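Residue numbers (the numbering used here), protein chains in the order written: chain A, 1 to 581; chain B, 1 to 581.
Ideal placement from N, C-alpha and C gives every residue a C-beta, glycine not left out.
From a predicted model like this one, the values you see are computed outputs, not experimental measurements.
Here's the structure, in structure tokens; my notes come after.
There are 2 protein chains.
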Amino acid sequence: MTKLCNDPARFTEDMLAGFLDANARYVVGVPGGVVRAHKTRPGKVAVVIGGGSGHYPAFCGTVGPGFADGAVVGNIFTSPSADEAASVARAAHSDAGVLLTTGNYAGDVMNFNLAVSALRSEGIDAHYFAVTDDVASAPRGEEDKRRGIAGDFTVFKCASAAAEDGVDLAGVIRVAEAANAATRTLGVAFDGCTLPGADAPLFTVPAGRMGVGLGIHGEPGIAEEEMPTAAGLAATLVDGVLGDRPDATEQRIAVILNGLGRTKYEELFVVWGEVSRLLRERGYVVVEPEVGELVTSLDMAGCSLTVMWLDDELEKYWTAPADTPAYRKGAAAQPSPNGQARRIAETATASTTPPLAELADDDGRRGGRLVARALDAMAAMLADAEEELGHIDAVAGDGDHGRGMVKGSSAARDAAAQAVADGAGQGSVLTAAGKAWAAKAGGTSGVLWGALLSALGARLGDTGRPGSADIAGAMRDGYEAMIRLGGAAPGDKTMLDALLPFVDELDRRVANGQAWQQAWRAAADTAIDAARATAEMRPKVGRARPLADRSVGTPDAGATSLAMCARTVADCFTLTTQGDN
Amino acid sequence: MTKLCNDPARFTEDMLAGFLDANARYVVGVPGGVVRAHKTRPGKVAVVIGGGSGHYPAFCGTVGPGFADGAVVGNIFTSPSADEAASVARAAHSDAGVLLTTGNYAGDVMNFNLAVSALRSEGIDAHYFAVTDDVASAPRGEEDKRRGIAGDFTVFKCASAAAEDGVDLAGVIRVAEAANAATRTLGVAFDGCTLPGADAPLFTVPAGRMGVGLGIHGEPGIAEEEMPTAAGLAATLVDGVLGDRPDATEQRIAVILNGLGRTKYEELFVVWGEVSRLLRERGYVVVEPEVGELVTSLDMAGCSLTVMWLDDELEKYWTAPADTPAYRKGAAAQPSPNGQARRIAETATASTTPPLAELADDDGRRGGRLVARALDAMAAMLADAEEELGHIDAVAGDGDHGRGMVKGSSAARDAAAQAVADGAGQGSVLTAAGKAWAAKAGGTSGVLWGALLSALGARLGDTGRPGSADIAGAMRDGYEAMIRLGGAAPGDKTMLDALLPFVDELDRRVANGQAWQQAWRAAADTAIDAARATAEMRPKVGRARPLADRSVGTPDAGATSLAMCARTVADCFTLTTQGDN
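Written as structure tokens, this is what we have:
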């Protein structure tokens with residue numbers, strides 16, 4: 001929800017003051033809104049956009065060369081007054097007339113038309129145009145009743161670029177009309193937004209549901225559906241917009257996937273991948289798409305898809321440069337592709353497989369199969385435990401531990417299976433698994449687990465059947481490799497706090513003559529106890545040290561997952577190789 | 001929360017594919033991340049940034065001319081692997097070496113240092129640098145243990161601009177070190193973020209509280225405080241950052257007020273206004289500040305303040321142009337101010353007062369006082385009813401009705417009081433009130449109320465005591481002015497559905513000889529009933545017509561407020577002027 005304000009009644013004024021201060025090189029305040037910091041040049045039509053605020057960067061964020069000359073700034077979700085619209089238009093006007101344009105809302109239409117009357121009475125050649133891109137707000141045949149939503153952006157952009165290009169007022173009006181006639185938008189919302197100072201959202205969408213066609217102020221939509229996947233949403237949006245395709249249009253389109261505020265860039269890009277594929281499949285050529293927040297609704301969750309069908313004129317204006325506080329578009333980049341990058345991308349999947357089978361004997365290959373089986377069990381266990389580990393990690397870390405362990409262990413499992421298929425012994429299987437874990441897991445723990453497995457592989461080799469002392473020694477090697485890499489020490493609340501007691505206990509029991517499988521099981525129990533005991537520690541290294549630490553009372557996620565893996569391996573060997581040493 | 005994904009396990013891959021598709025003119029994908037679409041030129045140091053994803057536009061959104069040559073893209077909140085970092089660096093590298101740089105997190109430090117080793121073994125002159133700007137993550141004297149948060153942006157920007165400028169690797173490293181040494185950030189969080197596919201937030205902040213110094217992945221902060229006002233937050237951030245000012249620094253500073261995802265631009269601008277004022281008060285000169293989302297944390301609510309103390313070199317690199325998918329900075333705008341706009345801003349508050357007193361007689365002035373008293377009562381009533389009206393309006397409209405009525409009626413009250421003080425009669429008081437209401441309220445209803453009051457004023461004039469028929473006729477005039485302006489008709493579910501029955505009943509009773517005060521009270525009751533009856537209507541005009549309408553069952557907000565005003569006026573005249581006609 002919207003949280004930050006001083007006096008809610010002065011929110012818009014405060015916002016505008018801060019906006020002007022931050023963007024003094026672009027804009028200057030006038031009664032009712034903002035105009036460019038540099039006077040509209042003689043002979044150039046002024047384009048004044050506007051409407052209520054709460055939609056940043058719409059509308060004041062797009063005032064500047066190549067875009068609007070001024071923006072009228074109403075209160076949150078409220079049309080500015082006629083006086084305010086006239087005041088901004090007066091300030092933006094040079095000598096060639098002014099186009100005032102907003103989305104099609106009754107308040108804006110009324111106030112801006114009154115402003116036009118006032119301006120004309122002063123001898124200013126003024127005209128008003130309302131954008132009507134929202135296909136959900138009225139059926140075909142009643143396009144003039146539709147609301148203006150993210151399609152405001154394409155229409156304002158093209159009209160502004162035409163004005164920048166020196167087109168006269170009649171021509172700018174014609175471009176605005178053409179852009180509007182060629183633009184369609186469909187939006188969805190997953191959750192409402194909260195007005196500054198309010199303690200409840202303006203509207204709500206039931207959990208797990210999606211409002212289709214919901215307006216950017218929560219106005220009713222056309223349907224409520226179950227929350228779809230990103231691919232499902234892309235299909236809904238593409239079908240909805242293309243289903244309203246204007247007549248006699250081209251296959252070249254400008255496209256906006258617009259976030260409403262809380263639906264973030266990462267999610268938008270996931271949806272965009274699907275939208276782009278669907279549009280290409282239908283023969284469309286997408287010209288300089290925009291994926292991001294262009295017309296928001298405070299912190300509303302949701303997004304919209306806008307398509308503007310392009311002719312040569314609209315394409316020219318859509319791709320023209322602009323330089324405004326929130327939207328800048330430069331000269332097009334040079335066309336020569338990055339040959340080096342391309343080459344690497346193309347060859348990266350090809351890799352050479354060493355002749356693993358030549359290194360191993362039958363015992364080694366049997367050991368390789370056992371290692372692969374243990375890694376398979378670990379990967380399965382970690383997949384089940386992912387969420388739990390993430391929650392534990394979230395207390396002191398960044399909550400990524402479960403995900404990293406799943407990615408690492410499944411990559412290690414796959415690499416081990418491949419090595420086994422290639423006839424590798426235990427050493428090469430472990431080395432391949434370690435390399436894959438480090439490469440795929442990411443994070444601190446990925447590197448450390450990779451080092452542990454690689455150290456085990458280096459010690460155990462591909463031939464013969466390792467004895468209990470070999471295995472205990474290999475685990476000690478792995479521990480030491482981690483110490484070298486990580487810079488952490490036992491007591492720092494890391495995975496080492498489970499690994500060291502494990503290695504010590506394994507060593508001690510094996511030295512006392514116990515078979516490694518039994519010693520491993522007992523050592524795993526020790527590791528579990530040690531991981532639990534990390535709950536009483538404060539982290540010292542390996543992550544930023546918090547001055548106030550919430551993590552006391554929660555065990556370390558890395559120590560916990562290590563102990564769980566130790567136990568899984570113990571189970572695996574107890575079940576499959578009991579007494580087999 | 002993060003809502004949109006396909007397979008959560010493939011979220012990052014899907015996101016990256018969509019990002020690359022949308023930004024093909026800037027970037028190309030390579031294993032592990034992205035590089036510029038155009039090869040790094042010979043002789044130029046490559047700058048490769050990175051870390052986990054979930055922070056867009058950090059990091060892949062800032063790859064392009066003037067900024068990074070490549071970005072390594074880890075999973076959400078997870079360090080990429082060493083292989084991935086090396087792969088991107090290899091693709092970005094030309095022939096002059098490569099700087100790899102991330103925020104200071106253990107996983108990134110480990111993996112990127114391993115990548116540097118691998119690159120050096122291939123003969124590539126590689127170096128790694130970790131950003132440590134977060135003052136909350138370790139105390140003074142232990143700056144090297146601090147996390148990197150939004151200060152990543154200033155450091156990456158300056159190092160990249162130096163590389164673009166042709167500085168050699170040692171020089172680029174020195175600039176990165178200098179930028180980092182001069183950069184401090186303090187962040188706050190109001191609410192947690194949700195990982196894709198998760199059904200609970202990664203962490204939470206108690207309602208009404210604020211976590212100070214909370215990391216961008218929810219890592220613990222230094223304190224939890226009561227949620228402040230925007231001004232209070234600005235003071236906390238400014239004090240926190242300036243309190244850690246590096247030694248021997250200048251008064252010129254680069255500043256970022258960074259939104260974490262759910263704290264939107266409008267709120268950031270409100271905070272920025274206070275931050276800017278505080279910095280100026282302390283003698284600082286703010287150079288090209290950035291207010292917006294530069295380093296996010298999915299949909300986390302919160303923000304951070306970053307200050308980089310500038311010397312000539314850092315200022316040159318901070319202000320240098322850049323052209324990337326999410327961050328573009330052009331040549332500086334020309335310095336000549338907008339003289340026309342300035343003039344209007346300066347003169348707009350001066351207005352001429354007509355010699356109102358000359359128009360009125362004693363009866364008219366008495367009527368003016370009564371009108372002002374009625375408007376005062378209406379404004380008080382509407383201030384109390386603001387929230388209720390907003391809720392009613394939110395069902396079918398945009399929830400702004402209460403706010404608009406309060407703004408309009410209070411402006412009308414003030415204008416009326418001024419007119420009375422100027423000796424105006426009832427007509428001029430009503431006209432002044434109507435003009436103020438229309439100018440200040442915004443929205444549809446502001447214009448309509450303004451027209452209603454102005455029509456009343458025109459009919460009643462400034463002299464004499466209006467009779468009951470005059471008052472009924474004036475209300476009829478007001479109704480007709482609204483019809484002309486609004487394009488709506490009775491039955492469209494607007495305020496007209498209360499006003500027409502009111503006017504009809506007032507007319508009928510006055511025609512039958514009743515005094516206007518009694519007739520008004522009965523007509524107000526009729527209006528209340530009529531407003532209630534709008535609950536059964538569907539809106540037809542005056543707002544986009546929803547295909548599925550949730551508003552049936554809820555009365556129209558405009559009709560409701562009109563009826564409430566009618567009753568307030570009735571109470572006012574019943575109490576003050578009973579039998580006074």
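With distances taken from CA atoms, which of the options is nearest residue i?
{"i": "Ala-488 (chain B)", "options": "B:Pro-466, B:Pro-539, B:Gly-213 and B:Ala-91", "result": "B:Pro-539"}
{"i": "Glu-293 (chain A)", "options": "A:Phe-269, A:Ala-424 and A:Glu-313", "result": "A:Phe-269"}
{"i": "Ser-297 (chain B)", "options": "B:Val-271, B:Pro-325, B:Asp-191 and B:Glu-386", "result": "B:Asp-191"}
{"i": "Lys-407 (chain B)", "options": "B:Glu-386, B:Thr-204 and B:Ala-416", "result": "B:Glu-386"}
{"i": "Asp-199 (chain A)", "options": "B:Gly-208, B:Leu-195 and B:Ser-410", "result": "B:Gly-208"}
{"i": "Leu-314 (chain A)", "options": "A:Tyr-56, A:Ala-372, A:Val-255 and A:Arg-277", "result": "A:Val-255"}
{"i": "Leu-202 (chain B)", "options": "B:Gly-43, B:Thr-263 and B:Gly-218", "result": "B:Gly-218"}
{"i": "Gly-302 (chain A)", "options": "A:Leu-499, A:Asn-258 and A:Asp-95", "result": "A:Asn-258"}
{"i": "Ala-419 (chain A)", "options": "A:Gly-442, A:Ala-432 and A:Gln-518", "result": "A:Ala-432"}
{"i": "Ala-530 (chain B)", "options": "B:Ala-86, B:Met-300, B:Gly-215 and B:Leu-500", "result": "B:Leu-500"}
{"i": "Asp-152 (chain B)", "options": "B:Leu-305, B:Leu-237, B:Thr-194 and B:Ala-82", "result": "B:Leu-305"}
{"i": "Gly-473 (chain A)", "options": "A:Pro-490, A:Leu-453 and A:Gly-491", "result": "A:Leu-453"}
{"i": "Glu-266 (chain B)", "options": "A:Ala-179, A:Ala-416, A:Thr-12 and A:Gly-425", "result": "A:Thr-12"}
{"i": "Asp-108 (chain A)", "options": "A:Thr-154, A:Arg-120, A:Ile-149 and A:Gly-52", "result": "A:Gly-52"}
{"i": "Val-569 (chain A)", "options": "A:Gly-467, A:Gly-558, A:Ala-374 and A:Ala-380", "result": "A:Ala-374"}
{"i": "Ala-441 (chain A)", "options": "A:Ala-455, A:Gly-402, A:Arg-476 and A:Gly-464", "result": "A:Gly-402"}
{"i": "Gly-572 (chain A)", "options": "A:Leu-562, A:Glu-288, A:Arg-521 and A:Lys-316", "result": "Residue identity differs from the one stated: residue 572 (chain A) is Cys in this sequence, not Gly. Considering only alpha carbons, the answer is A:Arg-521."}
Quick check on residue i: does DSSP put it in helix, strand or coil?
{"i": "His-93 (chain A)", "result": "coil"}
{"i": "Cys-572 (chain B)", "result": "helix"}
{"i": "His-127 (chain A)", "result": "strand"}
{"i": "Gly-302 (chain B)", "result": "strand"}
{"i": "Asn-75 (chain B)", "result": "strand"}
{"i": "Gly-52 (chain B)", "result": "strand"}
{"i": "Thr-319 (chain A)", "result": "coil"}
{"i": "Pro-8 (chain B)", "result": "helix"}
{"i": "Lys-329 (chain B)", "result": "strand"}
{"i": "Leu-99 (chain A)", "result": "strand"}
{"i": "Ala-37 (chain B)", "result": "coil"}
For the ligand SAH, I want to know if residue i counts as a neighbour, meaning its beta carbon is within less than 7 Å of at least one of the ligand's heavy atoms.
{"i": "Gly-450 (chain B)", "result": "For the structure depicted, the ligand SAH is absent and the ligand set is empty, with no information on it obtainable."}
Give every residue of the same chain whose Cβ lies closer than 7 Å to the Cβ of residue i, excluding the five residues on either side of it in the sequence, and list them in chain order.
{"i": "Ala-138 (chain A)", "result": "Lys-145 and Arg-146"}
{"i": "Ile-471 (chain A)", "result": "Trp-516"}
{"i": "Phe-112 (chain B)", "result": "Ala-85, Leu-100, Thr-102 and Tyr-128"}
{"i": "Met-381 (chain A)", "result": "Met-564 and Thr-568"}
{"i": "Glu-143 (chain A)", "result": "Thr-132"}
So, at 6 Å on beta carbons, what are the nonlocal neighbours of residue i in its own chain, with the 5 sequence-adjacent residues on each side left out?
{"i": "Ala-223 (chain A)", "result": "Val-212"}
{"i": "Arg-262 (chain A)", "result": "Asp-299 and Ala-301"}
{"i": "Val-241 (chain A)", "result": "Arg-184, Leu-186, Leu-305 and Val-307"}
{"i": "Ala-415 (chain B)", "result": "Ala-432, Ala-433 and Ala-436"}
{"i": "Ser-336 (chain B)", "result": "For Ser-336 (chain B), the predicted model reports a pLDDT of 35, less than 50, meaning its position is unreliable; a value from the coordinates is still stated below. Within the same chain, Ser-336 (chain B) has no close Cβ partners at all."}
Should residue i be flagged as near chain C, meaning a C-beta pair shorter than 8 Å?
{"i": "Met-405 (chain A)", "result": "Among the protein chains of the structure shown, namely A and B, there is no chain C."}
For this session: Using a Cβ-Cβ cut-off of less than 9 Å, give me the residues of the region 74-90 of chain B that come near chain A, in sequence order.
Result: Under the 9 Å Cβ criterion, the region 74-90 of chain B contributes Gly-74, Asn-75, Ile-76, Phe-77, Thr-78, Ser-79, Pro-80, Ser-81, Ala-82, Asp-83, Glu-84, Ser-87 and Arg-90.
Problem set entry | chain B contacts from the region 426-441 of chain A (Cβ-Cβ distance under 8 Å) | Cβ contacts with chain B come from Ala-438, Ala-439, Lys-440 and Ala-441.
Problem set entry | Near-chain A residues of the region 238-267 of chain B (beta-carbon distance less than 7 Å), N- to C-terminal order | Taking 7 Å as the Cβ-Cβ cut-off against chain A, the residues of the region 238-267 of chain B that qualify are Gly-261, Arg-262, Thr-263, Lys-264, Tyr-265, Glu-266 and Glu-267.
For this session: Starting from the N-terminal side, write out each stretch of the beta strand (DSSP E) that is 3 residues or longer and does not extend beyond the region 165-195 of chain A.
Result: Those beta strand (DSSP E) runs which fall completely within the region 165-195 of chain A and span 3+ residues are 183-191.
Exercise. Residues in the region 106-123 of chain A with C-beta within 7 Å of chain B's C-beta atoms, listed in sequence order?
Worked result: So the list reads Ala-106, Gly-107, Met-110, Asn-111 and Leu-114, given in the order they occur along the chain.
For this session: Note down, one range per segment and in chain order, each beta strand (DSSP E) of at least 3 residues found wholly within the region 213-277 of chain A.
Result: Taken in chain order, the whole beta strand (DSSP E) runs of length 3 or more contained in the region 213-277 of chain A are 223-226 and 252-259.
For this session: Just list the alpha helix (DSSP H) runs in the region 495-557 of chain A, keeping only unbroken ones of 4 residues or longer that don't cross its boundaries, in chain order.
Result: For the region 495-557 of chain A, whole alpha helix (DSSP H) runs of length 4 or above, ordered along the chain, are 496-511 and 516-533.
For this session: Give, in chain order, every residue of the region 5-36 of chain B whose Cβ lies closer than 7 Å to some Cβ of chain A.
Result: Of all residues in the region 5-36 of chain B, Cys-5, Asn-6, Phe-11, Asp-14, Met-15, Ala-17, Gly-18, Phe-19, Asp-21, Ala-22, Arg-25, Tyr-26, Val-28, Gly-29, Val-30, Pro-31, Val-35 and Arg-36 have a Cβ within less than 7 Å of some Cβ in chain A.
For this session: Determine which residues of the region 299-316 of chain B have a Cβ less than 7 Å from any Cβ of chain A, and write them out in chain order.
Result: Identification of residues in the region 299-316 of chain B having a C-beta nearer than 7 Å to some C-beta of chain A yields Asp-299 and Ala-301, given in sequence order.
For this session: Identify each residue in the region 151-177 of chain B for which the Cβ-Cβ distance to at least one residue of chain A is less than 7 Å, and report them in chain order.
Result: Of all residues in the region 151-177 of chain B, none has a Cβ within less than 7 Å of some Cβ in chain A.
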